[in-house]
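Enquirer: First the structure, which I've put down as structure tokens, then a few questions once you've had a look.
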Amino acid sequence: MRIKNFFLFSAVTSLILTLCIDIVVSLLMYSSSKDIDSKTLLIFSGVLFIVITIVLNYSLNSYIRYRINKIYNQVNSLKKRRVSNINVNADEFDFLARDILKYSYKKKKEINKLNFRENYRRDFLGNVAHELKTPLFTVQGYLLTLIEGAAENKVIREKYLDRANLAIERLSEIVGDLDLITKLETNDLKLKIDTFNLLTVIQKVFDLLEMQAKKKGINLTLDRFYDIPKFVLADQAKIEQVLINLVMNSIKYGKINGTTVVSVGYEDEEKLIIKISDNGEGISEDNLPRLFERFYRVEQSRSRDQGGSGLGLSIVKHIIEAHEQTISVNSTVGEGSTFCFTLEKA
């Protein structure tokens, strides 16, 4: 480490000190009536000047080097220490060390945040490309087959057009979900808050998904009979979408002839808690922290076979958070999963 030389400052300071010492020595000798040997005094002054200059210059350089090294050590120890742990004395170097440390700590956090966003952006673009590529290639394959002559066969033509239409519907679903989640993340989607009976919405969702549940022999039910309505203050259409996504998710990954149970209870005096439980395959603890990420799938191949855009749980999380409420999941592999979210009581 190179540090500016303080020789000029040391020399000027040494000269002033030497002159002061010479004056004091001359006055002492004069007051004692002793003769002043100019040559001896000159040699003494020269030696004193050189010694003081060397000592002062070395001391200043050593002190500055020590303080700067201390600052570097504090900056380099950011991984092990917190900024609040730095002891600051009423000293310019300590204040400088504190400011540099805070600046470095802030920039380090910004860099980590930018790296996270870059990785997230790269994964997101890769996932979008993969999700869109599958239905597009499917449609392209069927159309090319028809163009090459298969359209002459009525049975094949209708079969391939139906399959192409299903792929287009899947593509539309992905694009629609992407548009919705973008609006949710940018707060462009305005919620229509109103009072409604949550039990009525739950029963409506059961009716909508009854056919899908019957295909796997899954029973959709409430945990008990509710003799009084459960009114909440929320966007009814968005909460209906949340329930559809969660119940549909329990059907997809529930076991054959299983059960999906929805319960409504009191979280506290101001909130209701809604639980959607199944006795399906469950989710491992390693996958739980990332479950609400866009396009994240617990089992890639099996999840894609089940269909869907891969955005359902992410949309659910954003809708619940837009209501300033919370959502969580508990799961045990082989036993099932329970999704819980809260809503404000009306």
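Residue numbering for the sequence shown follows our numbering, beginning at 1487 and increasing consecutively. Even for Gly, the Cβ is constructed at its ideal location relative to N, Cα and C.
In terms of DSSP beta bridges, what is G1822 paired with?
Expert: DSSP output for G1822 lists T1818 as bridge partner(s).
Enquirer: Go ahead and pull the three-state DSSP assignment for I1769.
Expert: Of the three classes helix, strand and coil, the one that applies to I1769 here is coil, per DSSP.
Enquirer: Hey, would you say R1622 sits closer than 8 Å to L1657, going by beta carbons?
Expert: Looking at the sequence shown, residue 1622 is not Arg but Leu. In this structure, L1657 lies closer than 8 Å to L1622 by Cβ.
Enquirer: Could you tell me the distance, in whole angstroms, from the CA atom of V1574 to the CA atom of L1587?
Expert: Here the model assigns V1574 a pLDDT of 44, short of 50, so the residue's position is not dependable, and the following value carries that caveat. The alpha-carbon atoms of V1574 and L1587 are separated by roughly 12 Å.
Enquirer: Please classify Q1811 as buried or exposed, where buried requires at least 16 other C-beta atoms within 10 Å of its C-beta.
Expert: Label assigned to Q1811: buried.
Enquirer: Considering Cα atoms alone, identify which of K1619, R1643, V1614 is closest to L1629.
Expert: Selected option, being the one with the closest Cα: R1643.
Enquirer: Looking at the unbroken beta strand (DSSP E) that takes in L1719, where does it start and where does it end?
Expert: That run of the beta strand (DSSP E) goes 1717-1721.
Enquirer: Are at least three pairs of beta-carbons, each pair with one atom in the segment 1801-1808 and one in the segment 1725-1735, less than 8 Å apart?
Expert: They touch, by the three-pair rule.
Enquirer: Starting from the C-beta of L1542, find all residues in its chain whose C-beta is less than 7 Å away, skip the five residues before and the five after it, and write them out in chain order.
Expert: Within the same chain, L1542 has close Cβ partners S1496, T1499, S1500.
Enquirer: If distances are taken between C-alpha atoms only, which option among S1512, G1744, I1760, F1493 comes closest to L1684?
Expert: Of the candidates S1512, G1744, I1760, F1493, the one whose C-alpha sits nearest the C-alpha of L1684 is I1760.
Enquirer: Grab me the residues of D1508's own chain with a C-beta within less than 7 Å of its C-beta, minus the 5 sequence neighbours each way, in chain order.
Expert: L1527, S1531, listed in sequence order.
Enquirer: Exposed or buried, which one is K1645 when buried takes at least 16 other CB atoms within 10 Å?
Expert: Burial call: exposed.
Enquirer: Under three-state DSSP, which class holds N1601?
Expert: Residue state, collapsed to three classes: helix.
Enquirer: Taking F1492 as part of the alpha helix (DSSP H), name the residues at either end of that continuous run.
Expert: F1492 -> no alpha helix (DSSP H), and no H or E assigned at all.
Enquirer: Using only alpha-carbon positions, find the residue among S1823, I1550, K1594 that is nearest to N1765.
Expert: For N1765, the nearest C-alpha among the options comes from S1823.
Enquirer: Using only the alpha-carbon positions, how far apart do Y1589 and K1595 sit?
Expert: Using only the alpha carbons, I get a separation of about 10 Å.
Enquirer: Taking its Cβ as the centre, do 16 or more other Cβ atoms sit within 10 Å of I1572, making it buried, or is it exposed?
Expert: Confidence at I1572 is low in this model, with a pLDDT of 48, below 50, so its placement is unreliable and no value can be given for it.
Enquirer: Where does D1665 fall in DSSP's three states?
Expert: If DSSP states are grouped into helix, strand and coil, D1665 belongs with the helices.
Enquirer: Can the beta-carbon of L1695 be found closer than 8 Å to that of L1706?
Expert: Closer than 8 Å, so yes.
Enquirer: Excluding the 5 residues preceding and the 5 following T1746 in the sequence, name in chain order all residues of the same chain whose CB lies nearer than 8 Å to its CB.
Expert: Hits under 8 Å: A1699, I1704, N1705, L1706, T1707, V1733, S1736, I1737, G1740, I1762, S1763, D1764.
Enquirer: Whole angstroms is fine: what's the gap from L1758's alpha carbon to Y1712's?
Expert: For L1758 and Y1712, the distance between alpha carbons rounds to 14 Å.
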